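Worksheet: one structure, shown below.
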Amino acid sequence: MTSVLKPAKLRLGVNIDHVATIRNARGGDHPDPVRAAEIVASVGGDGITAHLREDRRHIRDEDLARIQTATNLPLNLEMAATEAMLAIAVRHKPHAACIVPERREERTTEGGLDAAGLHNTLVPIIGKLKDAGIRVSLFIEASERQLDAALRLGAPVVEFHTGEYAHAHLDGNRAKTAAELKRIADMAALAAKNGIEPHAGHGLTYENVQPIAAIPQIAELNIGHYLIGEAVFVGLEDAVHRMRELMDAAR
Ligand code: PXP
């Protein structure tokens, strides 16, 4: 008898950085990203993602421990490949660390990590994260060159940057949207074939999430800006719930 394997449930990691962005705009304690993490947990989110940037423009050091004690959800810490961030990660021991490229002047993470070009920098950082029991993920473009580099670096997880796909979708460029989607789907299949768990994220919205969610090998989506933006109008609970519905329907 042949059995048809259904793809595993797709996890939703909610990036709560921009709750902290709003908080920091006034310098006080409100709105508190910890409260956002609690709501995500109560509404069935699968994880909390937070990016501790070098300039601390949103999440701050003290937020990490508060988020970790507030919920049982796994914390995915996005971090630059620096000694300072490594020390913080090892101290806090998040469930996962996603290594991202970081330039101080960028508005958000533009483009993926050059895992191929940074091989020698990444080897010790990945080694120390692994020694601390932290699951390492690399935020890369969906390309064979970067995937091959992730494989050589022994990364158990890659997160494919969906920014180009999201831009093409927004521009109404159907050919480019389809090409970007194919690139991500092909690389997700190749990653899974090589024992790497593929995730995806950046720029995902209610309108563009479903074709990405339908890629059977992708195990997790990390979504932030759009969900926090929607939460301003409908509340975080409803925004996460709606995203979850769309993801599940696409699977
Ligand atoms: N995944 C990674 C690695 C990111 O750096 C970001 C942006 O911080 C996201 C996902 C979420 O992107 P967005 O905020 O556009 O949903």
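Per our numbering, the very first residue in the sequence shown carries number 2; after that it's consecutive.
For each residue, glycine too, the CB sits at the ideal point set by N, CA and C.
Bear in mind that the values here come from a model prediction, so they are computed numbers and not experimental data.
Close CB contacts of glycine 46 within its chain, under the 7 Å cut and outside five residues either way in sequence, are with Leu13, Val15, Leu74, Val241 (chain order). Remark: C-beta atoms of isoleucine 141 and leucine 114 approach each other more closely than 9 Å. A distance below 9 Å separates the beta carbons of valine 158 and histidine 200. In this structure aspartate 18 is in contact with alanine 51, their Cβ atoms being roughly 6 Å apart against a cut-off of 8 Å. In the DSSP assignment, proline 212 falls within the alpha helix (DSSP H) that extends over 210-214. The DSSP-derived three-state label of arginine 252 is coil. Using a C-beta cut-off of 8 Å, the stretch 34-41 makes no contact with the stretch 205-223, since fewer than three inter-stretch Cβ pairs fall below that distance. Look at histidine 93: its beta carbon is at least 8 Å from all of the heavy atoms in the ligand PXP. Fully contained in the stretch 13-90 are the following beta strand (DSSP E) runs of length 3 or more, in chain order: 48-52, 76-80. Between histidine 96 and asparagine 77, the alpha-carbon positions lie close to 6 Å from each other.
In this chain, the beta strand (DSSP E) harbouring alanine 98 covers 97-100. The straight-line gap separating the alpha-carbon atoms of asparagine 25 and arginine 58 is approximately 7 Å. At a Cβ-Cβ threshold of 9 Å, alanine 179 and phenylalanine 161 do not count as neighbours.
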